[in-house]
Amino acid sequence: MLHFHNTENNRKEPFKPLVEGKAGLYTCGPTVYDYAHIGNFRAYLFEDVLRRYLEFRGYEVNHVMNLTDVEDKIIRRARETGKTIYECTAPYIDAFFEDLDTLNIKRANQYPRATEHIEEMLSMIRTLRDKGFTYEKDGSIYFRIREFKEYGRLSGVRPEDVLSGARIDSDEYEKDDARDFVLWKAKKEGEHFWETEFGEGRPGWHLECSAMSIKYLGEQFDIHCGGEDNIFPHHENEIAQSEGCSGKKFVNYWLHCRHLLVDGEKMSKSKGNFFTLRSLLDKGFHPMAIRFFIISNHYRSPLNLTMDSLQAAHSAWSRIMDFRQRVKERIASNVEAPKQIDLQREMDACLTRFIEHMDDDLDTPRASSALFDFIRDANKIFDSEAVGSKQAQEALELLDRVDETFGVMKEDEALLDDEVDQLIQERQDARKNRNFARADEIRDLLAGKGIILEDTREGVRWKRR
RNA sequence: GGCGGCGUAGCCAAGUGGUAAGGCAGAGGACUGCAAAUUCUCCAUCCCCGGUUCGAAUCCGGGCGCCGCCUCCA
């Protein structure tokens, strides 16, 4: 039985979807004013694993991720550069989707954009106004949290505590109460705006997620995710708005991932520990190693990224890929052999443990240990030469089954240029003639090009890096 | 100040009452022309102090240390 840790009550609960066999999933997406950083991708990877595992478990998932394409920083940049907000965000939207592909993140069913859902947001404001949740001040519309009795249900932040915080900053917009949040922001001079019944302005950030999730998933849906920093105030405010409108329970399961740290500290540009996916790739890290590093840690634990930990993840990932390669070679060899009962038992155990651990709030670290245990035991059996092609095929199917969720076993295009191909041939000839000096010379040369050679009984095998 | 989380081997990281998964790194052995890959062996008593219990990394209390949120930052 699948269980999730629900932020709302801080407990693990069995997952019961609203509709049998289906799962509605909303995940807070990027603000597209810059390249997403690796911390953002931790959240998207966690959500990808969640979505993949739900599908693995037979759920039909409707996954919606928003693109925040209008907010203060975007508007500021547009004003500074003289471009439209759409011109400012377009390149980063493209980059975002490229990065998703790089990390083998499955596409959501919908990527609604804030700018295309202004009407839905206005409609919510209208309803909230009619129900007495809002007030207007200087052209902006605010949500009065006092009117929503359950405010604080998700985060545990009690309204009366918010004010005691030392860092309340409300100088930009005047509110009745610093704890209230804005639904509609009056435009300032030179800013992008929409002409509406509430005046010229733009939507507040929290509103878009409520409007779009309700539009695509309904007033009630199963799962809503984001990074831990979204718990308060963003998701707390979403609940207030959404439930204020509908009068119904908005979301049944709130899942949040902890932050990714770099060298033990929160990423920030000023500390110089700020990485985009692209900058890590430039340092030579393999995208699948980055993916494995992130998904093989538990999503509710802080994750500390260091160059060493990425390197270690690469080694671990290589172990998986080396084994997979070995299995594929065995399949291709067309060897007949009686079925290995031991291997069958290990395969069954691997899948059983994998499911058991993933069912337990997506315990990917333990799920991966089930995989590694299998790889070790299977390698041992393969060493004995006792596995036939047919059973190797079954082993490959098991790996693929696991990878439906992990998504780390994406292979590189297996292309070698002619020069490298010739060098490998030349080295094989040299080895035959026992000219090991030349053979080693070539191996070192190729290593310098990032190509690693392994001499196996079946012949030479190569891989990158 | 308020809310929440964490502290397990050199590093990463599971494990929430019965005598510590897994990965990386390291040492040694097997295999190999040498490597690589693979495999075998070795490598912790769980921040500190009390308490509960037949029994605690796991529960309770108190410390110490670290982190996040309370700013439209996943």
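Residue numbers for the first sequence follow my numbering, beginning at 99 and rising by one.
Virtual Cβ for every residue (Gly too), placed ideally from N, Cα, C.
Helix, strand or coil: how does DSSP classify D361 here? coil
What three-state label does DSSP hand L281 in the structure shown? strand
Compare the beta carbon distance of L403 and L358 with 8 Å and say whether it is the shorter of the two. yes
Terminal residues of the continuous beta strand (DSSP E) containing H412? No beta strand (DSSP E) holds H412; the alpha helix (DSSP H) holding it covers 405-430.
For Y249, name the three-state secondary structure that DSSP assigns. coil
Can you give the beta carbon distance from G156 to G119, rounded, assuming they're within the 8 Å contact cut? 7 Å
Length at least 4, wholly inside the region 464-551: the alpha helix (DSSP H) runs in chain order: 487-504, 516-530, 534-546
Does the separation of the CB atoms of R464 and P400 fall below 8 Å? no
Identity of the residues DSSP links to I63 by a beta bridge: Since the first residue shown for the chain is 99 and the last is 563, residue 63 is missing from the structure and cannot be characterised.
Is it true that the CB of Y124 sits closer than 8 Å to the CB of S377? no
How should D269 be labelled, buried or exposed, when 16 other C-beta atoms within 10 angstroms of its C-beta is the threshold for buried? Since pLDDT at D269 reaches only 41, below the 50 mark, its modelled position is unreliable, and the value read off the structure follows with that caveat. By the 10 Å Cβ count, D269 comes out exposed.
Which same chain residues, not among the five before or five after E556, have their C-beta less than 8 Å away from its C-beta? E427, S431
Can you name, in chain order, every residue of its own chain whose Cβ lies under 8 Å from the Cβ of H101, other than the five neighbours on each side? K110, E111, P112, F113, D457, D458, D459
Pairs of beta-carbons, one from the region 334-345 and one from the region 163-177, closer than 8 Å: are there three or more? no
Go through its chain and collect everything with a Cβ distance to L246's Cβ below 6 Å, but skip five positions before and after it. A small correction: the amino acid at residue 246 is Phe; Leu does not occupy that position in the sequence shown. A338, G342.
Secondary structure at Q438, three-state DSSP: helix, strand or coil? coil
My guess is that V433 and S487 are in contact by the Cβ rule of under 8 Å, so how many angstroms apart are they, rounded? 5 Å
Select from E158, D146, D167 the residue whose C-alpha is nearest the C-alpha of R205. D146
Note down, in chain order, each residue of its chain lying with its Cβ closer than 6 Å to the Cβ of A528, except the 5 sequence neighbours on either side. R536, A537
Within 10 Å of its beta-carbon, does F139 have 16 or more other beta-carbons around it, so buried, or fewer, so exposed? buried
Can you find the residues in the same chain that come closer than 6 Å, C-beta to C-beta, to D560, ignoring five residues on each side of it along the sequence? Rather than Asp, the amino acid found at residue 560 in this sequence is Trp. The answer, listed in chain order, is I549, L551.
Residues that DSSP places opposite T166 in a beta bridge: T129
Collapsed DSSP secondary structure at F296 in the structure displayed: coil
Proximity below 8 Å, CB of L220 to CB of T294: yes
Since I believe D440 is in contact with I388 (beta carbons under 8 Å), could you give me their beta-carbon distance rounded to a whole number of angstroms? That belief does not hold up - the Cβ atoms of I388 and D440 are roughly 34 Å apart, past 8 Å.
Evaluate T182 with the Cβ neighbour count: other Cβ atoms within 10 Å of its Cβ, from every protein chain shown; 16 or more gives buried, anything less gives exposed. exposed
Considering Cα atoms alone, identify which of S340, Y314, E287, R417 is closest to H304. S340
Roughly how many angstroms separate the alpha carbons of V485 and D553, rounded to a whole number? 20 Å
If we ignore side chains and look at the alpha-carbon of each, how far apart do H290 and A284 end up? 11 Å
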